[in-house]
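Report on the structure given below.
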Amino acid sequence: MGKRIEAYVDTSALIAFVDRSDTHHPLFRRLFSEPPGIITTTLVVAEGHAWFLRRYDRTRALQFLSMIEDMKPLKVATVGAAEQAGAARLLRRYSDQDLTLTDAVGLHLMHEQNIRSCWSTDFHLGLTGVSLVTGK
14 MGKRIEAYVD TSALIAFVDR SDTHHPLFRR LFSEPPGIIT TTLVVAEGHA
64 WFLRRYDRTR ALQFLSMIED MKPLKVATVG AAEQAGAARL LRRYSDQDLT
114 LTDAVGLHLM HEQNIRSCWS TDFHLGLTGV SLVTGK
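Going by our numbering, the first residue of the sequence shown is number 14, and it counts up by one from there.
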């Protein structure tokens with residue numbers, strides 16, 4: 014049996030973990046060194062891959078994917094119709110915010126799985142009251 018899921022991991026945390034120039038790198042390096050049960054989504058993985066592809070190159074983007082595949086105990090949840098519908102409801106609810114579909118899916122997943130902690134530097138992930146782990 015795997016570890017109980019304790020935190021949702023957003024793209025910003027994964028980027029900060031990998032990118033040494035990120036101001037949050039030390040925090041996320043420490044958190045990922047002995048992580049609890051953590052979960053992310055395929056949309057976060059896609060967003061991270063695209064970030065490394067645009068910022069660096071194909072090699073770094075593929076290295077990011079390999080890191081995700083090797084990272085234990087990270088669970089990558091697929092996004093289906095139910096998750097997308099839940100996210101769409103949140104996008105409408107928070108239409109005054111610049112919330113991405115990826116962020117809204119994360120908020121929906123945290124609500125559905127009763128996850129109370131989010132590793133992210135993006136304040137949008139705290140809109141529903143989930144505690145953001147940003148070191149502040």
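C-beta atoms are modelled at their ideal positions from N, C-alpha and C, and glycine is treated no differently.
All values derive from a computational prediction rather than experimental measurement.
Determine the extent of the beta strand (DSSP E) in which G139 is found, giving its start and end residues.
Residue numbering aside, residue 139 sits at position 126 when the sequence shown is read from its first letter. Annotation for G139: no beta strand (DSSP E) segment contains it, and DSSP assigns it neither H nor E.
Just to confirm, is the Cβ distance from D23 to V58 under 9 Å?
Stepping through the sequence shown from its first residue, residue 23 is reached at position 10. Stepping through the sequence shown from its first residue, residue 58 is reached at position 45. Not a contact, by the Cβ cut-off of 9 Å.
If contact is defined by three or more beta carbon pairs under 8 Å, each pair taking one atom from either stretch, is the segment 92 to 101 in contact with the segment 109 to 125?
As far as the Cβ criterion goes, the segment 109 to 125 touches the segment 92 to 101, which means the pair count is three or higher.
Which term fits L75, buried or exposed, when burial requires 16 or more other beta carbons within 10 angstroms of its beta carbon?
What you label residue 75 is simply residue 62 of the sequence shown in a count that begins at 1. With fewer than 16 other Cβ atoms within 10 Å, it is exposed.
Express the C-alpha separation of H124 and L103 in angstroms, rounding to a whole number.
Translated into the one-based positions of the sequence shown, residue 103 becomes position 90. Translated into the one-based positions of the sequence shown, residue 124 becomes position 111. Rounded to whole angstroms, L103 and H124 show a C-alpha spacing of 11 Å.
Shortest alpha-carbon distance to S133 belongs to which of T147, H38, A100?
Indexing the sequence shown from 1 puts residue 133 at position 120. Ranking T147, H38, A100 by Cα distance to S133 puts T147 first.
With a threshold of 16 other CB atoms inside 10 Å of the CB of F41, please say whether the residue is buried or exposed.
Position 28 of the sequence shown, counted from the first residue, corresponds to residue 41. By the 10 Å Cβ count, F41 comes out buried.
What residues in its chain sit with their C-beta under 7 Å from that of D32, if we drop five residues either side in the sequence?
Here residue 32 refers to the residue found at position 19 when the sequence shown is read from its first residue. Once the five neighbours on either side are set aside, the close Cβ partners of D32 are H38.
Counting only runs of 4+ residues fully inside the segment 19 to 75, write out the alpha helix (DSSP H) ranges in chain order.
For the segment 19 to 75, whole alpha helix (DSSP H) runs of length 4 or above, ordered along the chain, are 24 to 31, 38 to 46, 55 to 68.
With H, G and I counted as helix, E and B as strand and the rest as coil, what does DSSP make of S79?
In the sequence shown, the residue the question calls residue 79 occupies position 66. Helix at S79.
What residue range is occupied by the uninterrupted beta strand (DSSP E) comprising V118?
Taking the first residue of the sequence shown as 1, we reach residue 118 at position 105. For V118, there is no enclosing beta strand (DSSP E); the residue is part of the alpha helix (DSSP H) that begins and ends at 114 to 125.
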